[in-house]
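Novice: There's a structure below that I have some questions on.
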Amino acid sequence: MTRGPVDNGALRDWLRFFGRRLLQGLFVLWAAFTLVFVVLYLLPSDPIQLMLSGSGAEFASADDATIAQLRAQYGMDKPAFLQYLDALWNALHGDFGMSIQTGRPVADLITEALSQTVVLGLFALAIGLILGFVLAIAATLVRFGWLQQLLLSLPAAGVSVPSFWVGLLLIQYFAFDLGWFPPLGGKGINGLVLPAVTLSIPTAAFVAQILAKSLSVTMHEPYIEVVRSKGASRAHALFHDALRNASLPLLTMVGMIVGNILAGSVVVETVFSRMGLGRITYEAVNAQDIPVVLGVVTFAATVFVVLGIIVDLLYPLLDPRIGSQVRTHRRPRLEHTPERIAS
Amino acid sequence: MTSKRSIARWTAATMLTAVALSACSSGGTNATAEAAGDPVPGGTLVFGTAADPICVDPNQTDLTATRDILRQVADSLVDADPDTGEIVPWLATSWEVNDNATVFDFTLREDVTFSNGEVFDANAVKAFLDGIRDLGGRAVNASSYIEGYVGTEVLAPNQARVTFTVPNASFLQALSTVNMGVLAPSTYQVAPEQRCLGEITASGAFVLDHYTPTQEVVLTKRTGYAWPSGNAEHDGEAYLDRIEFRVIPEASVRVGSLRSGDVQMIDTVPVQDEENLGASGLGLLTTNRPGTVFELLTNNSHPILADKSVRQAIQYGLDLEEYKATILLPRNNVATSILSSTTPFYTDFSEYIRYAPDEAVELLEQAGWTPGPDGIRVKDGQRLSLTILNGHSGGTSQYELVAQQLARIGVEIKIQNVSRAEMLAAVDSGDYEFVPYGFTRADPAALTMHFSTKRNNPLRLPPSELETYLDEQAAAPVAEDRQAAVDKAAEYIVANNLVILLNEQSTAYAYNGVAGADWAPGGQLSLFDAWVQD
């Protein structure tokens, strides 16, 4: 749509596509919110009791009147469905209420935690992408069968090792034994390295898996064979001709990758004593702090939905074949798809 | 591991452990580092704590670890002797109590100020107690300590009279707790949520600098501090310039950070690490917590457990010495009463808790429980099978041992691990058989928390003379009368096997490169005398 002259028909098609994706996104958000509410509500425990009882082997000692008063304060004395409608209505206005455990606005908690997780996540994403690309490219270029098998099996291993174990090993070796990095990842850029590396491993494995598969397919495409027959080396063909196309499937996986990082932050932020979204999620789930869990899940769902829409909008720019599918009922334009270059 | 060096290290370590053990065996309240030299003022102590403090208001928090932090920040009207529990002066220099423990007259120190310059006087005491009352349910413990509070009269600038509608014999002890830490009058004008986030001003030896949720609490020394409790080892200001409590949820990272010197002190030392840490020359500060012992909360309304003979047989069937040898460390104590031996007014009632398997079998036979085909007893087609609903973190080995021991007398124990939330819900609704439990408070009033039928009644107890004894102990201002009432209550609980008793709760802190840290009463930590070594 940005490549050719924009006519009214194309714009209408595009708007229709965008509108449909937006509606789908809103539905996903609503479904996530509702599902979490129902699951939390079905749990047998009582968040007010949990708030009063603190930790350790002590039970709440407040009398019934106090508990009733607190229930009313948090609106938990109403029927479940009314609580749900209240929560949904407020959420639509961006108000997720107060954390039961800490008494603070959920929006504040998420905002404070977010910057820490974003920094950690971006760092981990960068490391993960570099490692993943290097691994996939090395596995594609290497000529020894056994080495290739070894490199190709690394991603599976990377996905399978538990993050808390990797994190503890890294702390033990690089923080306690060598003293290169602080064991508590809260402060400074130095404290970011170990948690980011821990968090990047599943991402690296995931990226390597997808890219290696995609490269192996792309490297057998006819247009690569043409390039090769003109005398280009494998490496040249890979870097100049195959890599860009082979990377495209990764773009559709951005949601998954960001999701992995968010999920991984729960473990990594706890092991490294860091503040962040994962940490508040962990604490909130333990304490059954319904408003916080609802807030975090809705936030995470929003991130997925927005990323999904952005990817859908970007994809036609990067792969014009998709763009022509968006403009349904219209004759595909002549564009420089890889096949055409090859033919 | 058999080189000369490691043998030498082991020997030294064993001796150090012996020192540590002998130091804490004397009542379990004092295990300060030996041969530390003379205190040196200055320096920062970094303390690794397992859990987020959540709310850094001494009046509102219910977490032991949070109270450890706030003990350094807030002073109390009185303190308690860590060994005897005797009430000693702090911000109040003297007090008088009327005969039925409803009116308390306090005379106050006149040289005390809060860190913002506000003066501590009778009006501040009034603002403090009124403030606790206004917090209501938000001050879970503190509000229960002032039940029946009528008000505080300012008799003179340094004289305050506190009145209750009902007797409150444990009020003085309650005042010594961190939950009853005195905050500045202006703090009680701040919204409770803001206080939780650190907007509090107090008169303690350290000032709360800031609290970053899930991360850290930082305290700085209060310059010019001159009113430590009578329990302190030195006068004047604290030694440390700064204390940073860092939240380190992962136990192995906490222990590793202590070994590497990244932190100087940690709480919640896992039992499996306790002996190792001591053996590697690091300091251990351990105590048996006052309050009720670790017990299996027993649902007294359950069809099987409502029968006293069954409950008694289960207690008699438990070999607590074997339990200690298998599960606990040598420094731990098995239960000898419902109250732990570090609780004031404790009396030994171990004759009711003895291991007597033959009597246990006889009791079960008489109650109609006869051996079934698989060794588990049956009665009217029902198996004698009971479940421990465990919602605590940590292992279940102690319950597995209980199950093994009770299988010998034909009682089947199943262990069901649930979330903490589910466990609490089960206790709340009475839908349980056994739940592990223990309540920490350095006063026999700890008993009313779960044996009184006036509150939640988690044991589902029928009304009995126990209620009278509990009321009596709350009303007796004279120590002898209170002792008599507490004994009656404790003996009733133990003799009727209202709960199954296991061991005294204990807790351990470890330190590295710091000296002078010690227990404040109630199993709380005091860092007033602490100083960092080079």
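These protein sequences, in sequence, are chains B and A. Its first residue numbered 21, the first sequence is counted upward by one per residue in the working numbering. Its first residue numbered 21, the second sequence is counted upward by one per residue in the working numbering. In this text, a Cβ means the ideal position worked out from N, Cα and C, and glycines have one as well. These numbers come from a predicted model, not from an experiment.
Please report the Cβ distance between ARG309(A) and GLY543(A), rounded to the nearest whole angstrom; I am assuming they are in contact, meaning their Cβ atoms lie under 8 angstroms.
Specialist: Indeed, because the Cβ distance is near 4 angstroms, the residues count as touching under 8 angstroms.
Novice: Taking 7 angstroms as the limit between beta carbons, can you name the residues of its chain near PRO248(A), skipping five residues before and five after?
Specialist: Closer than 7 angstroms at Cβ, skipping near neighbours: ALA225, ASP255 and PHE548.
Novice: Residues in its own chain within less than 7 angstroms of PRO478(A) by CB, not counting five upstream and five downstream?
Specialist: Cβ neighbours of PRO478(A) beyond the five flanking positions: LEU317, VAL447 and HIS470.
Novice: Which residue's Cα is closest to the Cα of GLU382(A): THR81(A), ALA194(A), GLY337(A) and LEU406(A)?
Specialist: For GLU382(A), the nearest C-alpha among the options comes from GLY337(A).
Novice: Considering ARG374(A), what are the terminal residues of the beta strand (DSSP E) in which it resides?
Specialist: Element bounds for ARG374(A): n/a, residue is neither H nor E.
Novice: Any residues in the region 170–194 of chain B with a beta carbon nearer than 9 angstroms to a beta carbon of chain A? Which ones, in chain order?
Specialist: Cβ contacts with chain A come from PHE184, GLY187, LEU188, ILE191 and GLN192.
Novice: Terminal residues of the continuous beta strand (DSSP E) containing LYS241(A)?
Specialist: Start and end: 236–241.
Novice: Taking PRO205(A) and ALA144(A) to be in contact with their CB atoms under 8 angstroms, please state how far apart those CB atoms are, rounded to whole angstroms.
Specialist: Going by Cβ atoms, the distance from PRO205(A) to ALA144(A) rounds to 5 angstroms, so yes, they are a contact pair.
Novice: Going along chain B, which residues have a C-beta under 9 angstroms from GLN436(A)?
Specialist: Within chain B, no residue comes near GLN436(A); the closest Cβ sits about 13 angstroms away, beyond 9 angstroms.
Novice: Please report the straight-line C-alpha distance between GLY199(B) and LEU134(B), rounded to a whole angstrom.
Specialist: If I take the Cα positions, the gap works out to 29 angstroms.
Novice: What would DSSP say about LEU43(B), mapped onto helix, strand or coil?
Specialist: Helix, per DSSP.
Novice: Which value, in whole angstroms, describes the spacing of the CA atoms of ARG397(A) and ASP339(A)?
Specialist: If you take the alpha carbons of ARG397(A) and ASP339(A), they lie about 19 angstroms apart.
Novice: Drop a sphere of 10 angstroms on the beta-carbon of ILE209(B), count the other beta-carbons inside from all chains shown, and report buried for 16 or more, exposed for fewer.
Specialist: Exposed.
Novice: Reducing DSSP to helix, strand and coil, say where ALA77(B) ends up.
Specialist: Per-residue confidence for ALA77(B) stands at a pLDDT of 35, beneath the threshold of 50, marking its modelled position as unreliable; the derived number appears in the next sentence. Correct three-state label for ALA77(B): coil.
Novice: Do PHE124(A) and VAL117(A) have their C-beta atoms within less than 7 angstroms of each other?
Specialist: Cβ atoms of PHE124(A) and VAL117(A): closer than 7 angstroms.
Novice: Distance, Cα to Cα, LEU409(A) vs GLY168(A)?
Specialist: Between LEU409(A) and GLY168(A), the C-alpha separation is close to 35 angstroms.
Novice: Measure the C-alpha to C-alpha separation of LEU170(B) and LEU219(B) and round it to an integer number of angstroms.
Specialist: The straight-line gap from Cα to Cα measures roughly 22 angstroms.
Novice: Please report the distance separating the alpha-carbon of THR243(A) from that of ALA228(B).
Specialist: One C-alpha to the other measures close to 58 angstroms.
Novice: Can you give the beta carbon distance from LEU161(B) to LEU174(B), rounded, assuming they're within the 8 angstroms contact cut?
Specialist: That pair is no contact at about 15 angstroms.
Novice: For VAL108(A), which residues of its own chain have a beta-carbon under 8 angstroms away from its beta-carbon, when the five flanking residues on both sides are left out?
Specialist: VAL98, ASP99, ALA100, ASP101, SER249, GLY250 and ASN251.
Novice: Beta strand (DSSP E) containing TYR555(A): first to last residue?
Specialist: The requested residue 555(A) does not occur in the structure, where chain A is confined to residues 21 to 554.
Novice: So which of TRP109(B), TYR302(B) and ALA232(B) has the shortest CA-CA distance to ILE130(B)?
Specialist: Nearest C-alpha to ILE130(B): TYR302(B).
Novice: DSSP state of ILE435(A), grouped into three classes?
Specialist: Note: ILE435(A) maps to strand in three-state DSSP.
Novice: Could you please give the first and the last residue of the uninterrupted beta strand (DSSP E) stretch that includes GLN544(A)?
Specialist: From DSSP, the beta strand (DSSP E) with GLN544(A) extends over 544–546.
Novice: Going by alpha carbons, who is nearest to GLN436(A) out of LEU444(A), THR407(A), ALA423(A) and TYR452(A)?
Specialist: Looking at the Cα atoms, THR407(A) is the closest of the given residues.
Novice: Shorter than 7 angstroms from the beta carbon of SER114(A) to some beta carbon of chain B?
Specialist: Not closer than 7 angstroms to any Cβ of chain B, the Cβ of SER114(A) fails to qualify, so no.
Novice: Residues of chain B with CB under 8 angstroms from PRO187(A), in chain order?
Specialist: Per Cβ cutoff of 8 angstroms: no residues; PRO187(A) is ~18 angstroms from chain B at best.
Novice: Going along the chain, which unbroken runs of the beta strand (DSSP E) with 3 or more residues stay wholly within the region 436–524 of chain A?
Specialist: Counting whole runs of 3 or more residues, the region 436–524 of chain A contains the beta strand (DSSP E) stretches 454–457 and 520–523.
Novice: Could you check where the beta strand (DSSP E) with PHE226(B) kicks off and where it finishes?
Specialist: Careful: PHE226(B) lies outside any beta strand (DSSP E), inside the alpha helix (DSSP H) at 210–238.
Novice: Among residues of its own chain, excluding the 5 on either side of TYR245(A), which ones have a beta-carbon nearer than 6 angstroms to its beta-carbon?
Specialist: So the qualifying residues of the chain are ALA225 and GLU257.
Novice: Between which two residues does the beta strand (DSSP E) harbouring GLY68(A) extend?
Specialist: From DSSP, the beta strand (DSSP E) with GLY68(A) extends over 64–69.
Novice: Assign LEU384(A) to one of three DSSP states: helix, strand, or coil.
Specialist: It is helical.
Novice: From the beta carbon of GLN235(A), is the nearest beta carbon of chain B less than 7 angstroms away?
Specialist: Closer than 7 angstroms to some Cβ of chain B, the Cβ of GLN235(A) qualifies, so yes.
Novice: Rounding to the nearest angstrom, what Cα-Cα distance links GLN332(A) and ALA195(B) in this structure?
Specialist: Rounded to the nearest angstrom, the two C-alpha atoms are 53 angstroms apart.
Novice: Closest to ASP378(A) by C-alpha separation, out of ALA70(A), ASP400(A), GLY430(A) and TYR529(A), would be which residue?
Specialist: Here the closest residue by C-alpha is GLY430(A).
Novice: Verify the CB distance criterion: does GLY315(B) have a CB-CB separation below 7 angstroms to chain A?
Specialist: It does not; no Cβ of chain A falls within 7 angstroms.
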